[in-house]
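The structure appears right after this line, and notes come after that.
Numbering (the numbering used here), first residue to last: 6 to 346.
This is the structure in structure tokens:
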């Protein structure tokens, strides 16, 4: 597929390189090279993803012409922009990136906005260090402004079959304006548990490129299989989508983590999805002392509202935490009662 007016040709399967932070270097090199050898040649990373860029550089420094790499800067000043870009190029062991993206900014960088970010990006393009310009976000308003600006060649935004009409509107507008749409969280942060259905849904949008977060070989093997045998929508898949939309659409945590850090050390993105985890996976996985310790911390919530202000989806996080804690404790009590018999 062609990624909008960037004219970058990418596979429908992009490799999201955030999860490889949690994998050892040797195993990561094996996964990345296996992905490339099997036709997954678009890799998306970020300066924010700790050692992800370094691992990509190690895997592909001698095969650089075979891959398309996008990375991101979360800088808010021109000085920070150049520092991030030079660090990324050094770690990626390259002299350029095909796509450089502003990483979830709270505003839409534009020429003359006083930050110098757009001017720095244009200069990086002139120097050949950046080939194409994109933006990522979790906020509908910022994404809409980016589309309306006409400045960006790509938009990266959460998109899955749980999308609302507002998110679908962004996707359609990108098609109309020839802006490449990169779909992050195509599995809704792990809540969608059938990858073939997720793929078949997104395949209906010819300008949308999903990037799948991969850290295990079995996950990679499944997405590799889609290269030669892409799933197509079936009646069974449509029924699964309808069921999941009924169960999940609305006020649920997407697990983006932008609410963090919590002053009381609450692992918000895990605790605030516990209700769903207990219903969409073997509940024994979550009814453990380790998860109980995490959930018990919810009692320490200060109701300070910091997380609520930072949530790009406008969720009432303290209230959702209380509900998830109550549900977890109900399941925990049932487990204890069962074991005592």
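Built from N, CA and C at the ideal position, the CB exists for glycine as well.
Test: residue i CB closer than 7 Å to a CB of chain C
i           : result
residue 143 : No chain C is part of this structure, which consists of one protein chain only.
Buried or exposed (CB count within 10 angstroms, at least 16 for buried), residue i
i           : result
residue 343 : exposed
residue 68  : exposed
residue 209 : exposed
residue 309 : exposed
residue 169 : exposed
residue 94  : buried
residue 165 : buried
residue 132 : exposed
residue 31  : exposed
Helix, strand or coil at residue i according to DSSP, with G and I counted as helix
i           : result
residue 115 : coil
residue 214 : strand
residue 202 : helix
residue 15  : coil
residue 324 : helix
residue 137 : strand
residue 352 : What is shown of the chain runs 6 to 346, which leaves residue 352 out entirely.
residue 300 : helix
residue 370 : With the chain running from 6 to 346 in the structure shown, residue 370 is simply not present.
residue 231 : helix
residue 279 : helix
residue 65  : helix
residue 333 : helix
Close-in-space but distant-in-sequence residues of the same chain around residue i (CB under 7 Å, 5 per side omitted)
i           : result
residue 72  : 41, 46, 48, 65
residue 275 : 299
residue 59  : 96
residue 291 : 279, 282, 283
Residue i, enclosing alpha helix (DSSP H) - first and last residue
i           : result
residue 85  : 83 to 97
residue 160 : That residue, residue 160, is in no alpha helix (DSSP H); its beta strand (DSSP E) goes 159 to 163.
residue 249 : 240 to 253
Residue interval of the beta strand (DSSP E) (run including residue i)
i           : result
residue 108 : 102 to 108
residue 182 : Element bounds for residue 182: n/a, residue is neither H nor E.
residue 77  : 73 to 78
residue 48  : 47 to 49
Same chain only: Cβ atoms within 8 Å of residue i, ignoring 5 sequence neighbours per side
i          : result
residue 88 : 80
(request) Flag this pair as touching only if the region 312 to 327 and the region 262 to 270 have three or more C-beta atom pairs under 8 Å; answer yes or no. (result) The region 312 to 327 makes contact with the region 262 to 270: 3 or more CB pairs, one atom from each, lie closer than 8 Å.
(request) Take every Cβ of the region 227 to 247, pair it with every Cβ of the region 174 to 189, and state whether three or more of those distances are shorter than 8 Å. (result) no
(message) I'd like to know if the region 102 to 115 and the region 137 to 151 are in contact, where contact means that at least 3 CB-CB pairs between them fall below 8 Å.
(response) yes
(request) Would you be able to state if there are at least three C-beta pairs under 8 Å between the region 142 to 152 and the region 322 to 338? (result) Judged by Cβ distances under 8 Å, the region 322 to 338 makes no contact with the region 142 to 152, as fewer than three pairs qualify.
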